[in-house]
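For reference, the structure discussed in these notes is given below.
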Amino acid sequence: MEIDNLDYSKNWWKMAKEINLIPAPNGFICPDDPGEPGLKIPRWSVNEIEARIVSEFCRGLRVLEIGTGLGISTKEIARRAKWVYTVDIDPWVKENIAPSLPDNVLFYDNIKKIGAVNFDAAFIDGLHNYSQCTQDIEDARRLVKRDGLFIFHDAKMDPIRGAVHNAGLQATYIATAAGLVIAWNGGQNGRHDQDADREGGGD
Ligand SMILES: C[S@@+](CC[C@H](N)C(=O)[O-])C[C@H]1O[C@@H](n2cnc3c(N)ncnc32)[C@H](O)[C@@H]1O
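My numbering numbers the first residue of the sequence shown as 10 and each following residue consecutively.
Here you go:
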């Protein structure tokens, strides 16, 4: 990954123009955004470097995204992933953001509507409280293949780190502006296959 040679390019700013986004510190916000459901706080996108890192990890993969938001991460992941299924429960996102997503993206308003898809990876950036993040991990575990990749945004937030930790995921932190956590889907008790192999059994 050529992290020193990022092209913050036309693509990035073109995305912003498409749906009336304005740059905010470390990401975009949308002046027309009525706010996240229940919170009424405008949603905030990933920033360029975070989007690029997540996208590079997802190169060639079949990706599940929880929390479409302004579609910034979705679009950047879709540039390199095979395809992306993205989920957002907010009708405003369905109406205003989903139509702007590229052809290799499928939008869902409820994760339960996604059938038996064997995803390679999940990017989780939904509601940032402990119980919902725990639920998102459970849902992703059901849909992502064994040893598949999990990436979490906003890993600087205690509820996110707590949910990842208590789910038993083996995780590595990347110190971006909002923090990313990289982990692997090690089954219901969170262990990697390698751990189970070392101990001579499966989980
Ligand atoms: C911070 S935004 C995501 C920003 C996005 N990654 C981007 O770069 O534009 C979080 C989104 O999660 C959505 N959300 C909240 N609860 C959710 C749930 N249970 N399932 C899916 N999406 C959810 C909100 O409606 C909001 O749009």
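Every residue, glycine too, gets a C-beta built ideally from N, C-alpha and C.
Item, Value
"Helix or strand or just coil, what does DSSP make of LYS165?", "coil"
"With C-beta atoms as the reference, is ASP129 less than 8 Å away from LYS103?", "no"
"Do you know how far the Cα of GLY195 is from the Cα of ASN35?", "31 Å"
"For VAL126, name the three-state secondary structure that DSSP assigns.", "coil"
"If you scan the segment 41 to 65 from start to end, which runs of the alpha helix (DSSP H) of 4 or more residues do you find wholly inside it?", "none"
"Hey, out of GLY177, ALA184, ILE58, GLY47, whose CA is closest to PHE37's CA?", "ILE58"
"In the structure shown, what three-state DSSP assignment does THR83 receive?", "helix"
"Classify ASP156 as helix, strand or coil using the three-state DSSP reduction.", "strand"
"By a C-beta neighbour count over all protein chains shown, 10 Å radius and 16 as the cutoff for buried, is GLU74 buried or exposed?", "buried"
"Taking buried to mean at least 16 other C-beta atoms within 10 Å of its own C-beta, is GLU27 buried or exposed?", "exposed"
"How big is the Cα-Cα spacing for VAL96 and LEU70?", "17 Å"
"Per the contact definition of three or more C-beta pairs closer than 8 Å, is the segment 134 to 142 in contact with the segment 162 to 172?", "yes"
"Taking the beta carbon of ASN56 as the centre, do at least 16 other beta carbons fall within 10 Å, making it buried, or is it exposed?", "buried"
"Is the CB-CB distance between ALA87 and VAL114 below 8 Å?", "yes"
"Any heavy atom of ligand 1 within a distance shorter than 7 Å of the CB on THR143?", "no"
"Let's test the definition: count the other Cβ atoms within 10 Å of the Cβ of GLY213 and tell me whether it reaches 16, buried, or not, exposed.", "The requested residue 213 does not occur in the structure, where the chain is confined to residues 10 to 212."
"Under a three-way DSSP split, which group does TRP193 fall into?", "strand"
"Suppose the cutoff is 8 Å on Cβ atoms and the five residues either side in sequence are ignored; what does the same chain contact list for GLY157 look like?", "PHE128, ASP129, ALA130, ALA131, TRP193, ASN194"
"Ends of the beta strand (DSSP E) at PRO100?", "Element bounds for PRO100: not the beta strand (DSSP E) but the alpha helix (DSSP H), 100 to 105."
"Throw me the rounded Cβ distance for the LYS84 and PRO111 pair, which I believe falls under 8 Å.", "6 Å"
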